[in-house]
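If you read the sequence shown in this note's numbering, its first letter stands for residue 880, the second for the next number, and so on. Beta carbons are placed, not taken as given, at the ideal position from N, Cα and C, and that holds for glycine. It should be emphasised that the depicted structure is a prediction, and the values quoted were computed from it without experimental measurement. The structure under discussion appears below in the form of structure tokens.
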Amino acid sequence: MTWLEPVTLSNSRICLELLDQRHHDELVEATNDGELWKLWYTSVPRPDDVAAEIERRLELCRQHSMLPFAIVEQSSGRAVGMTTFMNADAANRRIEIGSTWFRRSTQRTGLNTHCKLLMLTHAFETLDCIAVEFCTHFFNRQSRAGIERLGAKLDGILRSHQLLADGSLRDTCVYSIIAAEWPAVKAHLTFQAARTR
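What follows is the structure in structure tokens.
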């Protein structure tokens, strides 16, 4: 047994199931919805790169450092994005939720709230995490606002943290929710999720 075991998480709106190549075609369609790969400050795969991205995430899963999910919308039964538990640190009971993206037409519909409520509940109540982290590009204002709406707090900014594919350097905003904050965050997300059932 490893700390980060494969699991399926679901509620009335979404199902987070282990990412697999069977999700490929639906995820290609999802990336085409809004041409998300064109956003320079994100790392959404191009349609031709979806298969390789699925395999990259699955290889990290085999190494027990990532648990990748396809985000499946319950109403349509189709994969509408990806998310992961990543940078797993079992010794210190810390994990990051990241590499998340949704097709454009499902953004701002409440799916992300449902997704994060499921993942945070699993992290704090099953994995017994001390802290859950979220990281995003300084210029990704939409992502930063979304993370802050969850109730996460900014820990700091890692300057020139990552070299991106286009050669630019990413300043990474690091946020976290700690175990002591989880009851209030859970109440907040549960309330928000109930409004978007």
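Name the residue from Leu895, Leu883, Glu908, Trp882 whose alpha carbon lies nearest to the alpha carbon of Lys995.
Ranking Leu895, Leu883, Glu908, Trp882 by Cα distance to Lys995 puts Leu895 first.
Could you check what DSSP says for His943 in three-state terms: helix, strand or coil?
Three-state result, His943: coil.
Taking the alpha helix (DSSP H) that Leu990 falls in, what are its first and last residues?
It spans 990-1004 - the alpha helix (DSSP H) in which Leu990 sits, taken as one unbroken run.
Note down, one range per segment and in chain order, each beta strand (DSSP E) of at least 3 residues found wholly within the segment 938-985.
You should have 945-952, 957-968, 973-981.
Could you give the distance in angstroms between the alpha-carbon of Ala1031 and the alpha-carbon of Arg983?
In a straight line, the C-alpha of Ala1031 is about 23 Å away from that of Arg983.
Going by C-alpha to C-alpha distance, which of Arg936, Thr963, Arg941, Tyr920 sits closest to Thr887?
Nearest C-alpha to Thr887: Thr963.
Locate the beta strand (DSSP E) running through Val1053, then write down its first and last residues.
From DSSP, the beta strand (DSSP E) with Val1053 extends over 1048-1057.
Here's the rule: buried if 16 or more other CB atoms are within 10 angstroms of the residue's CB, otherwise exposed. What is Gly960?
By the 10 Å Cβ count, Gly960 comes out buried.
When you compare the CB positions of Leu990 and Ile893, do they come within less than 8 Å of one another, or not?
The answer is yes: Cβ separation under 8 Å.
To the nearest angstrom, report how far apart Asn911 and Leu918 are at their CA atoms.
So the alpha carbons of these two residues sit roughly 12 Å apart.
Which residue's Cα is closest to the Cα of Leu997: His902, Ala1066, Ala969?
Minimum Cα distance to Leu997 is reached at Ala1066.
Whose C-alpha, out of Ser954, Gly977, Pro924, is nearest the C-alpha of Met945?
Considering only alpha carbons, the answer is Gly977.
Where does Ile1036 land, buried or exposed, given buried means 16+ other C-beta within 10 angstroms?
By the neighbour-count rule (16 or more Cβ atoms within 10 Å), Ile1036 is not buried but exposed.
Which partner residues does Gly1035 have in the DSSP bridge list?
Answer is Val1053.
State the start and end residues of the unbroken beta strand (DSSP E) segment that holds Glu1012.
Per DSSP, Glu1012 belongs to the beta strand (DSSP E) from 1010-1016.
Going by DSSP, which residues form a beta bridge with Ser889?
Bridge partners of Ser889: Cys894.
Inspect the beta-carbon positions of Thr992 and Ala1072 and report whether they are closer than 8 Å.
Result yes, Cβ atoms of Thr992 and Ala1072 sit closer than 8 Å.
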